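Visitor: Sequence order for the protein chains is P and V. Under our numbering, the first residue of the first sequence is numbered 1195, with each subsequent residue one higher. Under our numbering, the first residue of the second sequence is numbered 1195, with each subsequent residue one higher.
Protein chains: 2
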Amino acid sequence: MASENQENVRGLKRVGVWFKGCLEKIMNVLTNAAKDAKKLGEEDPRRVVHSLKVGLAITVVSLFYYFDFLYQGFGVNAMWAVMTVVVVFEFSVGATLGKGVNRAIATLLGGALGVAAHRLASFAGEKIECSVLMLCVFLIATMVTFMRFFPKLKARYDYGLLIFILTFSLISVSGYRDDEVLDMAHRRLSTILIGGSATVFICIFICPVWAGADLHKITASNIEKLGIFLEGFGRVYFQLPNDKNSENQASMDEYKTVLNSKGIEDTLVNFAKWEPRHGKFRYRHPWDQYLKIGSLTRECAYKIDALNGYLNSDVQTPVEIRSKIQESCTMMSSECSCALRELAMGIKTMTRSLSADIHIVKAKTSAKKLKSLLKTGLWPDTDIFDIIPAVTVASLLIEIVSCTVKIADSVHELASLSKFKTPDEKMIKQLSLERVKRTPSIEGSHSFSVVFE
Amino acid sequence: MASENQENVRGLKRVGVWFKGCLEKIMNVLTNAAKDAKKLGEEDPRRVVHSLKVGLAITVVSLFYYFDFLYQGFGVNAMWAVMTVVVVFEFSVGATLGKGVNRAIATLLGGALGVAAHRLASFAGEKIECSVLMLCVFLIATMVTFMRFFPKLKARYDYGLLIFILTFSLISVSGYRDDEVLDMAHRRLSTILIGGSATVFICIFICPVWAGADLHKITASNIEKLGIFLEGFGRVYFQLPNDKNSENQASMDEYKTVLNSKGIEDTLVNFAKWEPRHGKFRYRHPWDQYLKIGSLTRECAYKIDALNGYLNSDVQTPVEIRSKIQESCTMMSSECSCALRELAMGIKTMTRSLSADIHIVKAKTSAKKLKSLLKTGLWPDTDIFDIIPAVTVASLLIEIVSCTVKIADSVHELASLSKFKTPDEKMIKQLSLERVKRTPSIEGSHSFSVVFE
């Protein structure tokens, strides 16, 4: 009896330990999730605002169910309004508008064609009505699904084509059971319009996130990241004294995100094209120019990546060889850095950057000096393998100068296309005091994929 | 009177001309669309099959409306089945399964929570029922929308989270008007399950497209493209006679698609992870190993891109300098080419490639020779700017050899992980006769974005 009791106690203890373990694990998972959530929110507080906006929009639209006088008009169809909000509400105004317009037009066209198919089938007589409908649905679904493979349609109207198939099938097929097809199509369309307008209204008028503005910011900050690398490059490569080394190294590595920026830029341009003119963007913005600047920036970033390889490579070029090219190289990299930072600042503040060109001229002069230095070449007895890295670094820097020139040209083109202000003296003083602030991680907030219902 | 008639005739003629012009334009657009469609279909005939499958699936599921004994069970809810088919049917089995599973589980959980919220609200009493429901919807929608920003959840469960919000809102809100919430949730779930199963069945059993198989093909063909470039490189750089120049140039440029292959590879791996074992892929496939091979292939492609720059650059290195490095360089590039092609063939046929290692050993020997040649350096009176390009080409080729070694190692690892066959003599003969065929354009067929409802 006593031993049985003891066993029970042991069993209970074991259960207790197991339970405690489980609880600890769950607590761990929850704490980690909370930490991650806090980080995500701090990285880009607009994420929190977006979530609240979605919650608000769904709650507002669900009012259709709660108030009798609203419910009577639509009945069960109020469902479509809720559905539209959930599906159409995206992070940026452009994405939301794109989806909303796609959905509205596709519902209209799909509904109209569905009603037409229903009429056609009922003319054909009761016996073959079913077959005619099936044939219509099969043909339309097959054709439109194939159309979704056309690259141009896919880029802008993929969602619309899907909704078209959906609405057409629903309206034409339901028509077989419910003779008030026209009424049904009309109710579906109007609830979708109500849901869509509520979404667009909340999206635009409560803390809007403009894809165009984010594209603008990301373009400027990418150019700046290149500038930050080049600023530190001379010091690190020629091993000059540097008081705040580790912090510098981290910010120098930031250029790496530029290498993979093509996806987010394409997505943002696609969204921005749906957006109306607004705020700072009063003039129609030449979004394709941003793509051009982006690809030039990436080209420069690849060269910087190659340069970075020499920075960290184990092959140490002898100091006497380095010192020959030191002056011109540090000059080139610091002047390019200044020019790029000026350009980035100009884009951010939407002003024409005047001093960038001065820095570029200085960089070009250094490049010429370096070229003639290399030509006269005073390396008689040196191993060719010792010279190669230094010469490669030098020629990479020369290439980076010409990349910077290209970037500057396309930024100037952007400035004239979108009518940037010419800064007065007061502004110039202010600008030189202020440093460009880092942008929050835009990449993670915008959805690369256009998602759903 | 006569002049009026004449004017009428002229007016009619003008209308006729305008009408003809319009007709011609429309015909032009249609002809172009038809041509594009033909091209898309020829590029990858699976697109046509996919469209027909979608048409078939929608038609099959719409049978629920046409037959009385089927319709009685579900009534209007049959709509959800049609909707599920339209939304879940994707190009590959993996994408379809991923969406189907996400949708089914999200509907189950969202429905359950919706019923619970409804119960909770009705316990609270009639007066505040409406407020409790609104609060629940607001909280859940906000929280789950924020959860969609977590990168890990976004990658695999984004669609599920959206459907969760959708189902929860619909069930809990409709519950306010319709007391048979449980019944409603049950009907929604069962129709979605029926639609989903029909979709998955048709997707898997009629000409299935496996994302895993496409990933496999694309990995092999990317490695092969590098091989094709290196095969032609020696001939073009050292200006050796070549009988079929233009055709060769086009196939040499194919490596450029490899540079942007990251997106499609990530998408395919994401889809492939949802797929069950099948056909040739009887063993659990190490999909992450494909990503590793892919990134090594891209690394090599960047080096090849740098090499290509020297091929087309205007700076012509004097022939006497080129001829010094000619032998080792052509040897290295042709041996690497053979090795890469062997590896690609091995992946395609799922056999261990034995001769690749022999080619690699030969390439390594040439690389060593070249290095010592460069070290002893016999370029006394030459301008350093003349030597640089040739030496850079040589060192790029040396780097490509070590890249090839890395690719070979990871392919061997893949071979042992997924238990590739060791080829017998008969197979080896067969393989050497057959060349790897080009794959159709896989990129355009798979949807990068996970789309909708």
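Where a beta carbon is used, it is the ideal one built from N, C-alpha and C, also for glycine. Remember, predicted model here, so these are calculated numbers, not experimental data.
1. Take V:T1278 and list the residues in its own chain whose beta-carbon comes closer than 6 Å to its own, dropping the five residues that flank it on each side.
2. For the ligand ADP, is there any heavy atom lying closer than 7 Å to the beta carbon of P:G1319?
3. Assign V:C1216 to buried or exposed, taking buried as 16 or more other Cβ atoms, counted over all protein chains shown, within 10 Å of its Cβ.
4. Taking only beta-carbon atoms, is P:T1290 less than 8 Å away from chain V?
5. Anything in the stretch 1241-1253 of chain V with a Cβ closer than 9 Å to a Cβ of chain P? List those residues in chain order, please.
6. Which of the three DSSP states is assigned to V:T1336 in this structure?
7. Determine the contact status of V:F1258 and V:F1268, defining contact as a CB-CB distance below 8 Å.
8. On the CB-based measure, 16 or more other CB atoms within 10 Å of its CB, does P:F1399 come out buried or exposed?
9. Look at the Cβ atom of P:V1276, then the Cβ atom of P:S1256, and state whether they are nearer than 8 Å.
10. Rounded to the nearest angstrom, what separates V:W1274 and P:T1361 at their Cα positions?
11. Step through the CB atoms of chain P and report whether any lies within less than 8 Å of the CB of V:M1539.
12. When DSSP labels each residue in this structure, what does V:T1545 get in the three-state scheme?
13. Report the three-state DSSP secondary structure of V:H1410 (helix, strand or coil).
14. Just the C-alpha distance for P:F1395 and P:A1414, rounded to the nearest angstrom, thanks.
15. Let me confirm a value: P:I1552 is counted as buried when at least 16 other C-beta atoms fall within 10 Å, else exposed. Which label applies?
16. Would you be able to state if there are at least three C-beta pairs under 8 Å between the stretch 1377-1385 of chain P and the stretch 1353-1367 of chain P?
17. Whose C-beta lies closer than 8 Å to the C-beta of V:S1643 among residues of the same chain, with five residues either side of it excluded?
18. If I'm right that P:I1554 touches P:V1605 with Cβ under 8 Å, what's the distance once you round it to whole angstroms?
19. Three or more C-beta pairs under 8 Å: does that hold for the stretch 1588-1607 of chain P against the stretch 1525-1533 of chain P?
20. Report buried or exposed for V:H1472, applying the criterion of at least 16 other Cβ atoms within 10 angstroms of its Cβ.
21. With a threshold of 6 Å on Cβ separation, who are the neighbours of P:V1309 within its own chain once the five nearest residues in sequence on each side are excluded?
22. With a threshold of 16 other CB atoms inside 10 Å of the CB of V:I1636, please say whether the residue is buried or exposed.
23. Drop a sphere of 10 angstroms on the beta-carbon of P:C1401, count the other beta-carbons inside from all chains shown, and report buried for 16 or more, exposed for fewer.
24. Taking only beta carbons into account, state which residues of the stretch 1345-1371 of chain P come closer than 7 Å to chain V, listed in chain order.
25. V:W1212: buried (16+ other C-beta within 10 angstroms of its C-beta) or exposed?
26. So P:L1234 and V:F1344 are in contact, right, with Cβ under 8 Å, and what is the actual spacing, rounded?
27. For the structure I just gave you, are there three or more beta carbon pairs, one from the stretch 1404-1414 of chain V and one from the stretch 1286-1303 of chain V, closer than 8 Å?
28. Going by beta-carbon coordinates alone, are V:S1547 and V:R1240 separated by less than 8 Å?
29. Rounded to whole angstroms, what's the CA-CA distance from P:A1466 to P:E1418? Just pull it up for me.
30. Measure the alpha-carbon distance for V:G1421 versus V:L1534 and round it to whole angstroms.
31. Note down the Cα distance separating P:Q1520 from V:K1497, rounded to an integer number of angstroms.
32. Check each candidate in P:A1311, P:R1313, P:H1312, P:V1280 and name the one with the smallest Cα separation from P:R1297.
33. Using DSSP with H/G/I as helix, E/B as strand and the rest coil, what is P:H1472?
34. According to the Cβ coordinates, are P:C1324 and P:Y1370 closer than 8 Å?
35. Taking Cβ-Cβ distances shorter than 9 Å, what residues in chain V pair up with P:F1268?
36. Indicate whether at least one CB of chain V lies closer than 8 Å to the CB of P:M1526.
Guide: On the basis of the data shown:
1. I1386, G1389, G1390
2. By its list of ligands, the structure shown contains no ligand whatsoever, and the ligand ADP lies outside what it can speak to.
3. exposed
4. no
5. R1241, V1242, H1244, S1245, L1246, K1247, V1248, G1249, L1250, A1251, I1252, T1253
6. helix
7. yes
8. exposed
9. yes
10. 12 Å
11. no
12. strand
13. helix
14. 29 Å
15. exposed
16. yes
17. Residue placement at V:S1643 is poorly supported in this model, since its pLDDT is 45, which falls under 50; the coordinates still yield a value, given next. Nothing meets the Cβ criterion.
18. Not really, about 11 Å apart at Cβ, beyond 8 Å.
19. yes
20. exposed
21. V1375, L1376, A1379
22. buried
23. exposed
24. P1345, D1352, Y1353, L1356, I1359, L1360, S1363, L1364, V1367, S1368, Y1370, R1371
25. exposed
26. 7 Å
27. yes
28. no
29. 22 Å
30. 5 Å
31. 27 Å
32. P:V1280
33. strand
34. yes
35. Those do not exist, as P:F1268 stays about 11 Å from chain V at its closest Cβ, beyond 9 Å.
36. no
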